[in-house]
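Take the sequence shown: its position 146, counted from the start at 1, is 155 in the numbering used here, and no numbers get skipped.
Ideal Cβ placement from N, Cα and C applies to all residues, glycine included.
I have placed the structure first, in the form of structure tokens, so that the comments after it can refer back to it.
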Amino acid sequence: MGRGTVGGTQRRYAALVVGLAALLAASPVAAGESAWSRQTEPAPGPARVIGGYTHGCIAGAVALPLDGPGYTVLRPQRLRYFGHPALIAVIRDLGAWADRHGWGTLLVGDLSQPRGGPMSYGHASHEAGLDADIWLRLLPPGQRLSDAERRDPTPVSMVRTGAPTADPAVWTDTHAALVRAAAQDPRVARLFVNPAIKATLCRAFPPDADGNTRWLQKVRAWYGHDSHVHIRLHCPSDSPGCVPQDPPPPGAGCEAEGFAWWANRIADRLTQKASAPAPVAAPVAGPPQSVPEACGGVLSSR
């Protein structure tokens, strides 16, 4: 792999991300709660995902216990610790794995709301009960957060601004092992990490050696994600209405062309945001238009 070429692409990527962040910060944000974020309990019935990760909902969601072997849930007051049973199982299994290997306690960020759907703030995905954020800040084994810090935790970035790889002052072999363990789970379809973290993994685990290409392909570079890894599951077999994401491009995504592909996606998004007219707020009757029609029944069911 041409490391110098990849590093140059990474620096271009970093500049694009700064521009996108500025546009996002200037964009209007929905005020108050949505009908979806006001839900406090899952819709009744068996687990069933409708729609996709950024355009969907879930019935029969399950709550992740707030504490378990090797993990603890952050910001429980948000009620974003619900998901498909498969997602709950993946997180509990990953926590137990971390506990057995002495990695420390995983800090679990947002999953989905009790019925999924769009969140009032914070995510453009996590709508179908198949996404979860695992923070890269690890607590020492046996340590727990105070109630105050649990409600308002402090993230730790693994990346210095503009750096082509993860910060060696905070990034460790344990972080790399955690990402690899999650990516090797067959239930996991994708993981999103900061581009600098992806580059670090590519150097630590050369593609085409010991099966690295297969799991590295799942680890996708994307803006943000410097303090957490975003886990996304495959559509479950019990949900024929679930809309899967296209499979990742071939290869491990470690070559310069792979990073350039993501940089071009960011550049396209910047162009679209810069040219789009300002949205006009308008009242909407019934469920938001960003979810499939069948989600109306999930929102209203009792």
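Whole-number beta carbon distance between residue j and residue i, since they are thought to touch under 8 Å
i	j	result
Pro127	Glu136	6 Å
Val165	Ala175	Contact doesn't hold; Cβ gap of about 12 Å is too wide.
Ala190	His243	Rounded, the Cβ-Cβ distance is 17 Å, inconsistent with contact.
Gly97	His237	Correcting the residue type first, residue 97 is Ile in the shown sequence and not Gly. Rounded, the Cβ-Cβ distance is 18 Å, inconsistent with contact.
Gly125	Leu83	With a Cβ gap of about 19 Å, Gly125 and Leu83 do not count as contacting.
Pro204	Ala230	4 Å
Pro162	Leu116	7 Å
Residue i, buried or exposed, once every other Cβ within 10 Å from all chains shown has been counted against 16
i	result
Ser310	exposed
Leu225	buried
Ser43	buried
Pro51	buried
Arg223	exposed
Thr170	exposed
Ala208	buried
Thr81	buried
Ala31	Note that Ala31 scores 42 on pLDDT, short of 50, meaning its location in the model is unreliable and no value can be drawn from it.
Pro123	buried
Gly312	Summary: the structure shown does not reach residue 312, with the chain confined to residues 10 through 311, and so no result is reported for it.
Ala34	For Ala34, the predicted structure reports a pLDDT of 38, less than 50, and the residue's modelled location is therefore unreliable. A value from the coordinates is still provided. With fewer than 16 Cβ atoms within 10 Å of its Cβ, Ala34 is classed as exposed.
Thr114	buried
Asp182	exposed
Arg178	A small fix is needed here, since residue 178 is Ala in this sequence, not Arg. Exposed, because fewer than 16 other Cβ atoms sit within 10 Å of the Cβ of Ala178.
Arg57	buried
Ala218	exposed
Pro245	buried
Gly69	buried
Neighbourhood of residue i by C-beta distance below 7 Å, restricted to the same chain and skipping five residues each side
i	result
Ala303	Ile59, Gly250
Tyr62	Ser134, Glu136, Ala137, Leu139, Asp140, Arg241, Gln254
Leu210	Ala185, Val188, Leu225, Val228
Gly306	none
Pro78	Gly104, Ala105, Asp108
Ser299	His64, Pro127
Ala95	Arg196, Leu242, Pro245
Neighbourhood of residue i by C-beta, 8 Å cutoff - its chain only, sequence neighbours within 5 removed
i	result
Pro301	Ile59, Gly60, His64, Gly65, Cys66, Gly250
Pro85	Leu75, Arg159, Arg160
Asn221	Phe214, Pro215, Ala261
Backbone secondary structure at residue i - three-state DSSP
i	result
His93	coil
Arg311	coil
Arg101	helix
Asp108	helix
Cys304	helix
Arg57	strand
Cβ-based neighbour list, residue i, same chain, cut-off 6 Å, excluding 5 preceding and 5 following
i	result
Ser121	Phe91, Gly92, His135, Gly138
Asp156	none
| Residue ranges of each alpha helix (DSSP H) run of no fewer than 4 residues wholly in the stretch 203-249, ordered along the chain? | 204-213, 221-227
| message | In chain order, what are the residue ranges of uninterrupted alpha helix (DSSP H) at least 4 long that sit wholly in the stretch 121-200? | response | 156-160, 182-192
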